[in-house]
Every structure is written in structure tokens, then in C-alpha cells.
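Colleague: What follows is a structure written as C-alpha cells; I'll ask about it next.
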Amino acid sequence: MNFSEYLLLFGGMGLVTYGPRALPLLYLAHQKMPPGLVDWLGLIPGSILAALLAPLLFCDPQERSLQLDRPELLVALPTLLFALKTRSLGGTVFVGMGLYWLAGFVL
Amino acid sequence: MPSSTSNLCPKTPLRAQLTPGATAAWPICLGYLPIGLALGVLAQQAGLPWWAVGMMSVLVFAGSAQFICIAMLSAGATIPAMILTTFVINLRHTLMSSALALYLSNVRRSFLALFAYGITDESFAVNMTAFRDGHWNRHAALIVNQLANAVWVCATITGCLLGQFVPRGAFGIDYALTGMFICLLVFQLRGRLYLITGLLAGAISVGWYLFIPGDSYIVGASVTAATLGYFLQKHHRRSG
């Protein structure tokens, strides 16, 4: 591919990525939202996080199958406890990384 | 001009928010390093020059879509197919963009247009948590977005240029974003309703991921779980 073909491809990809990121915000930020929508949107962040996280922990990405003995899941349990106990984002990231690194030697 | 900022430094609110923004952004940046390097290495192996990788990271700035684009490029896919795939993968950002509107109401549109560029899974999760805590403002949130973007662009270009020399999986850094998501999820679970909704989302997501190909599981599971949680809340309010 040459420069203009790359520009066409990535420009197109950029536009279809930017649209969904910008349009709801540009529209809804200047609207009076109905209280039902506000309640519903309030449940969205936790739902998205859980929906992103669960397959990372419980599923094998290559086979796309359920796998309950993944190091990702085993490390998640103490990491979760640490997060609940300390509520420290930076600490949790480091504890998770350290345990995952160790798990690579042990498992 | 409407503003929700605590104007300690009204002339340069962005500079005043640099420290809190950077403090909030560092776990994202740490997590983006290995992923960005890996993307750069794959892109280089697929024959992309470094400037094309940089162009891609600046124009698209969406990790999973970029990985899939590289795979499709290697497989000889057409440009319309790659753009359409990107669109479908990134539709989930409509949900995040809508939820962020709760905290950015009546902010001027030029700011929102710039802010929207940096809405990713990671910046969304960090900013929403901080906004809900109440000590956050749009300038700090913008800094989170832009710092993450800068690290992403640098990491992907670096990966393309010298990625072969970086050892894989060093120091468990591949777990940085997973650890961040775990802690941010803990922050979101502020009561029984949120816990139930989160458990539903996780269970539906796993089921959806196993049985439906593609990336629809994130949107599918979060919309379904939030809707169930919403009706649960309504029912509870009515009966309680």
C-alpha cells in the first residue's frame, strides 16, 4: 500500500470510530435527559467493566472456550481482594502484575 | 460560558489539572505499553512502515480494531471490509459516550468534539469512576484521554521500529489493564443493585462470548444487564 491508500484506510477507520464516540455526547450533553435514561446510564459503567473483564478471566481467547483454571482467573482472586481491601488503583495494578508474573514461573 | 470546573487557575485549567490527570492516567499508560508494542511488532511483520502505524494510531486510536485491521491486512482484506469491521467493533463507544454525557452537560461543543476523540474502554472507566467520586472535572478528564493517546501512539511506533528486541511478558505487564479493570469494577459496585447488575453482565458476557462469534458480547451483555438492573430497581422502588 502507498501513502494515499493508507490514508484512505485509516481515515475511514478513524471516521467510523469517531462517530460513535462523538455523536451521543454532542447530542445528549445539550439535552435534558429523562430520569429513566439517567438511571439506566448509571448502570452502564459497571456493566461494561464486568462484560469486558469476565471473558478475559473465564475464557480461552484462542479456542473461545470456557476455562476455569486460567492464570488470569487465579491471579484475579487475590487481586480482587486487594482492591476491595485497599481501594487503591495503582496498588491493585502492581499486585496484579506481580502475581501474574510469579504465576508465569509457578504454573 | 458554562463550566463545572473548580477554577483554581482559570487561565490555564488544563495545566492546573496536569498532575491529577497524569495520576489517574498512569495505570492506563502502563497497560498500553505492552499492547502498543505488540501491535507495532505485528504491524511491522505485516509489512507496515512505521509512519503508517503512527498514522493509524493517531487517526483511529482504538486498540482492538487496530489489531483486527492488521490481521485483515495480512489476509489481504479490502479497504471497505476493514472500515466496516472497525465500525462494528467500535459501536460500543456509543454507550460510553452517552454515559459520559451525564457529567459533561452543557459543556461547549468544541470541547466535547475534542474530548470524544479520546474515549476508549480504559479512559472511560477511569474518568467515569473519578467523575462519580465528585472530585473530577472535564479538564483532568481530557488530560487522561490525551496522555493515554500519546503513550499509545509512541508505543505502537516504538513496537514497529524495535519491538523484536523487547522480551514478551516481562514483569507481568500484560496483566496491567486486567488489574486496572478489576479495581475499577470494585469502585463501581456501590450497592446490591450494582453488584447484581455486574454479576449479570459478567455471566451474560461469558455466555455471549462463547456462543456468538465477533465482538458483540460487550455491548450485548452490558445493555442486557443494565436493562435488567434498571427494571429490578424500578420494581424494588415500587414495592419498597
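Residue numbers (this note's numbering), protein chains in the order written: chain B, 56 to 162; chain Z, 384 to 623.
Ideal Cβ positions, reconstructed from N, Cα and C, are used throughout, including at glycine.
Just so you know, these numbers come straight off a predicted model, no measurement behind them.
1) Classify Asp124 (chain B) as helix, strand or coil using the three-state DSSP reduction.
2) At a CB distance below 8 Å, what residues from the stretch 109-139 of chain B approach chain Z? Give them in sequence order.
3) Rounded to whole angstroms, what's the CA-CA distance from Leu135 (chain B) to Leu576 (chain Z)? Just pull it up for me.
4) Can you grab the Cα-Cα spacing for the pair Ala105 (chain B) / Ala553 (chain Z), in whole Å?
5) Cutting at 6 Å between CB atoms, please list the residues of its own chain near Phe507 (chain Z), excluding the five before and the five after it.
6) For Cys114 (chain B), which beta-bridge partners are listed by DSSP?
7) Can you list, in chain order, the residues of its chain whose CB lies under 6 Å from that of Ala445 (chain Z), leaving out five sequence neighbours each side?
8) Taking 9 Å as the CB-CB cut-off, is Leu483 (chain Z) touching chain B?
9) Would you mind listing the alpha helix (DSSP H) stretches within the stretch 490-552 of chain Z that are 4+ residues and don't spill past its ends, in chain order?
10) Beta-carbon separation of Gly419 (chain Z) and Gly153 (chain B) under 9 Å?
11) Taking only heavy atoms of the ligand PLP into account, decide whether any of them is closer than 8 Å to the Cβ of Thr503 (chain Z).
12) What span of residues does the alpha helix (DSSP H) with Asn473 (chain Z) cover, start to end?
13) When the Cα of Ile540 (chain Z) is compared with those of Z:Met439, Z:Thr512, Z:Ser622 and Z:Pro463, which residue comes out closest?
14) Answer yes or no: does any C-beta atom of chain B fall closer than 9 Å to that of Ile453 (chain Z)?
15) Let me check understanding here. Comparing Cα to Cα, which of B:Cys114, B:Leu144 and B:Leu98 lies closest to Gly414 (chain Z)?
16) Using the Cβ count rule (16 or more neighbours within 10 Å means buried), how would you classify Met102 (chain B)?
17) Have a look at Phe423 (chain Z) and Pro133 (chain B) and give me their C-alpha separation to the nearest angstrom.
18) Excluding five sequence neighbours on each side, which residues of the same chain lie with their C-beta closer than 7 Å to the C-beta of Val436 (chain Z)?
19) Go ahead and pull the three-state DSSP assignment for Asp598 (chain Z).
20) Buried or exposed: which applies to Asp516 (chain Z), given that a residue is buried once 16 or more other Cβ atoms fall within 10 Å of its Cβ?
21) Return the chain-ordered list of same chain residues with a C-beta closer than 7 Å to the C-beta of Ala429 (chain Z), the five sequence neighbours on each side being excluded.
22) Against chain Z, with Cβ distances strictly below 9 Å, would Gly145 (chain B) count as a contact?
23) Checking contacts by CB at 9 Å: is Asn520 (chain Z) closer than that to chain B?
24) Mind checking whether Ile411 (chain Z) and Val509 (chain Z) have CB atoms under 9 Å apart?
25) Short of 7 Å Cβ to Cβ, which residues in the stretch 87-102 of chain B face chain Z?
26) Just checking my contact of Leu530 (chain Z) with Gly404 (chain Z) at CB under 8 Å: how many whole Å lie between their CB atoms?
27) Using 10 angstroms around the beta-carbon of Phe514 (chain Z), count the other beta-carbons present and answer buried if the total reaches 16, otherwise exposed.
28) Of the choices Z:Gly590, Z:Thr580, Z:Ala524 and Z:Thr561, whose alpha-carbon is the least far from that of Phe494 (chain Z)?
29) What does a CB cutoff of less than 8 Å around Tyr82 (chain B) pick up in its chain, not counting 5 residues either side in sequence?
30) Please state whether the Cβ-Cβ distance between Ala84 (chain B) and Pro126 (chain B) is less than 9 Å.
31) Establish whether the CB of Leu401 (chain Z) and some CB of chain D are separated by less than 9 Å.
Modeller: This is what the structure holds:
1) In the first sequence, the residue the question calls residue 124 (chain B) occupies position 69. Coil.
2) Ala109, Pro110, Leu111, Leu112, Phe113, Cys114, Arg119, Ser120, Leu121, Glu127, Val130, Ala131, Thr134, Leu135, Ala138 and Leu139
3) Walking along the first sequence from the start, residue 135 (chain B) turns up at place 80. Walking along the second sequence from the start, residue 576 (chain Z) turns up at place 193. Taking the straight line joining both Cα atoms gives about 19 Å.
4) Along the first sequence, one-based indexing puts residue 105 (chain B) at 50. Along the second sequence, one-based indexing puts residue 553 (chain Z) at 170. Near 26 Å, if we compare the C-alpha coordinates of Ala553 (chain Z) and Ala105 (chain B).
5) Here residue 507 (chain Z) refers to the residue found at position 124 when the second sequence is read from its first residue. Closer than 6 Å at the Cβ level, and outside the excluded window around Phe507 (chain Z), lie Met479.
6) One-based indexing of the first sequence puts residue 114 (chain B) at position 59. Paired residues: B:Leu121.
7) Here residue 445 (chain Z) refers to the residue found at position 62 of the second sequence. So the list reads Asn473, once near-sequence residues are dropped.
8) Numbered from its first residue, the second sequence carries residue 483 (chain Z) at position 100. Yes, contact with chain B.
9) 492-500, 504-516 and 521-545
10) Here residue 419 (chain Z) refers to the residue found at position 36 when the second sequence is read from its first residue. Here residue 153 (chain B) refers to the residue found at position 98 when the first sequence is read from its first residue. No; because the gap between Cβ atoms is not below 9 Å, this pair is not in contact.
11) No copy of the ligand PLP appears in this structure; indeed no ligand is present at all.
12) Counting from 1 along the second sequence, the entry for residue 473 (chain Z) is found at position 90. First-last of the alpha helix (DSSP H) with Asn473 (chain Z): Ile462 to Asn473.
13) Within the second sequence, residue 540 (chain Z) is the residue found at index 157, counting from 1. When only C-alpha atoms are compared, the closest one is Z:Met439.
14) Here the question's residue 453 (chain Z) lines up with position 70 in the second sequence. With 9 Å as the cut-off, Ile453 (chain Z) does not count as an interface residue toward chain B.
15) Counted from its first residue, the second sequence places residue 414 (chain Z) at position 31. Comparing Cα positions, the closest option is B:Leu144.
16) Here residue 102 (chain B) refers to the residue found at position 47 of the first sequence. For the record, residue 102 (chain B) in the displayed sequence is Ser; it is not Met. Ser102 (chain B) comes out buried.
17) Residue mapping note: residue 423 (chain Z) aligns to position 40 of the second sequence, counting from 1. Residue mapping note: residue 133 (chain B) aligns to position 78 of the first sequence, counting from 1. The displayed chain sequence assigns Gly, not Phe, to residue 423 (chain Z). Taking the straight line joining both Cα atoms gives about 32 Å.
18) Here residue 436 (chain Z) corresponds to residue number 53 of the second sequence, with the count starting at 1. Within the same chain, Val436 (chain Z) has close Cβ partners Gly423, Ala426, Thr539, Ile540 and Cys543.
19) Within the second sequence, numbered from 1, the residue matching residue 598 (chain Z) stands at position 215. In this structure, Asp598 (chain Z) counts as coil in the three-state DSSP scheme.
20) In the second sequence, the residue the question calls residue 516 (chain Z) occupies position 133. With fewer than 16 other Cβ atoms within 10 Å, it is exposed.
21) Here the question's residue 429 (chain Z) lines up with position 46 in the second sequence. Excluding residues within five positions, the ones whose Cβ falls inside 7 Å are Ile453, Leu456 and Ser457.
22) By 1-based counting over the first sequence, the position of residue 145 (chain B) is 90. For Gly145 (chain B), the answer is yes, since a Cβ of chain Z falls inside 9 Å of its Cβ.
23) Numbered from 1 along the second sequence, position 137 holds the residue referred to as residue 520 (chain Z). No, Asn520 (chain Z) does not count as interfacial toward chain B.
24) As a position in the second sequence, residue 411 (chain Z) is number 28, starting the count at 1. As a position in the second sequence, residue 509 (chain Z) is number 126, starting the count at 1. Taking 9 Å as the Cβ cut-off, Ile411 (chain Z) and Val509 (chain Z) qualify as a contacting pair.
25) Val93, Asp94, Trp95, Leu96, Leu98, Ile99, Pro100, Gly101 and Ser102
26) In the second sequence, residue 530 (chain Z) corresponds to position 147, counting from 1. In the second sequence, residue 404 (chain Z) corresponds to position 21, counting from 1. That pair is a contact at about 7 Å.
27) Numbered from 1 along the second sequence, position 131 holds the residue referred to as residue 514 (chain Z). The residue is buried, with at least 16 neighbouring Cβ atoms inside 10 Å.
28) Here residue 494 (chain Z) refers to the residue found at position 111 when the second sequence is read from its first residue. Among Z:Gly590, Z:Thr580, Z:Ala524 and Z:Thr561, the Cα nearest to that of Phe494 (chain Z) belongs to Z:Ala524.
29) The residue given as residue 82 (chain B) occupies position 27 in the first sequence. Contacts found: none.
30) Mapped onto the first sequence, residue 84 (chain B) falls at position 29. Mapped onto the first sequence, residue 126 (chain B) falls at position 71. Cβ atoms of Ala84 (chain B) and Pro126 (chain B): not closer than 9 Å.
31) Any reference to chain D falls outside this structure, whose protein chains are B and Z.
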